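Heads up, the numbering used here is the position in the sequence shown plus 128, with the first residue counted as 1.
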Amino acid sequence: MKKFIAALFVVIMTNTLFAAEVPWETLKSLDFDTKTKKNVIKPELQKILGKEISIKGFMMPLDYEAKEVVEFLFMPYVPACMHVPPPPANQLVLVKMKKGAKIKPSFYPIELTGTLAVEANADLESSFKMEGIKIRELKDFTPPPTAAPKGVHP
129 MKKFIAALFV
139 VIMTNTLFAA
149 EVPWETLKSL
159 DFDTKTKKNV
169 IKPELQKILG
179 KEISIKGFMM
189 PLDYEAKEVV
199 EFLFMPYVPA
209 CMHVPPPPAN
219 QLVLVKMKKG
229 AKIKPSFYPI
239 ELTGTLAVEA
249 NADLESSFKM
259 EGIKIRELKD
269 FTPPPTAAPK
279 GVHP
């Protein structure tokens with residue numbers, strides 16, 4: 129019985145101390161049914177909604193002049209210039225940092241930890257919202273070569 133309780137404690141602590149790392153492919157699985165006008169959430173995505181996760185990508189501050197931000201867009205590849213199409217809505221996350229948390233904008237890749245929800249934002253054309261808990265710069269991270277949409281120039 130003591131071994132069972134100890135094992136259960138380790139499992140609980142592991143799940144609360146370490147956020148599950150999620151690939152962008154999981155977010156890409158979100159689809160929109162044009163007939164019903166509703167999101168189609170696949171089981172793999174449903175498992176992570178409302179849970180603390182971590183995901184690697186790039187920040188695009190919504191206020192370029194601020195020294196610290198509380199809100200930004202998060203995407204799988206480097207934000208591109210204005211004549212390149214933005215990521216599709218299921219690859220764009222509106223992040224609002226947890227109350228009281230301010231972070232410095234980063235143009236390096238980051239690992240973002242927070243709680244993910246499906247919540248469309250028509251103004252920003254995003255399908256997801258995340259309450260950010262923390263970010264960590266990844267100076268040695270290279271995104272997968274297929275992360276950017278076709279036609280994007282270097």
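Beta carbons: idealized from backbone N, C-alpha and C, even for Gly.
What you are looking at is a predicted structure, and each value in this text was computed from that prediction instead of being measured.
Please check the pair residue i and residue j, which I expect to be a contact at CB under 8 Å, by giving their CB distance rounded to whole angstroms.
i: I169; j: L244; result: Actually they do not touch by this definition, with Cβ atoms about 11 Å apart.
i: G242; j: G260; result: 4 Å
i: E196; j: K232; result: 6 Å
i: F202; j: M225; result: No, F202 and M225 are not in contact; Cβ-Cβ is about 11 Å, not under 8 Å.
i: G185; j: P204; result: 5 Å
Hey, could you find the ends of the alpha helix (DSSP H) residue i is sitting in?
i: T162; result: From DSSP, T162 is part of no alpha helix (DSSP H); its letter is neither H nor E.
i: L222; result: Where L222 is concerned, there is no enclosing alpha helix (DSSP H), although the beta strand (DSSP E) it sits in stretches over V221 to M225.
In terms of alpha-carbon separation, which member of the options lies closest to residue i?
i: K257; options: K232, V223 and L190; result: V223
i: K156; options: P216, T270, K227 and G242; result: P216
i: V221; options: V198, P171 and L252; result: L252
i: A268; options: A248, F235, D191 and V246; result: Note that residue 268 is Asp in the sequence shown here, rather than Ala. D268 has its Cα closest to that of F235, out of A248, F235, D191 and V246.
i: P171; options: K165, T154 and F160; result: T154
i: K262; options: F160, Y192 and L240; result: L240
Between which two residues does the beta strand (DSSP E) harbouring residue i extend?
i: L201; result: E199 to M203
i: P215; result: P215 -> no beta strand (DSSP E), and no H or E assigned at all.
Can you tell me whether DSSP reads residue i as helix, strand or coil?
i: L244; result: strand
i: P189; result: strand
i: E153; result: helix
i: E253; result: coil
i: E172; result: helix
i: T270; result: coil
i: R264; result: strand
i: E259; result: strand
i: K232; result: coil
For chain D, find out if any of its Cβ atoms is closer than 9 Å to the Cβ of residue i; answer yes or no.
i: T270; result: Considering every chain present, this structure includes no chain D. It has just one protein chain.
Indicate whether the contact test is met: 3 or more Cβ pairs, each with one atom in the region 173 to 188 and one in the region 144 to 155, closer than 8 Å.
A contact exists between the region 173 to 188 and the region 144 to 155.
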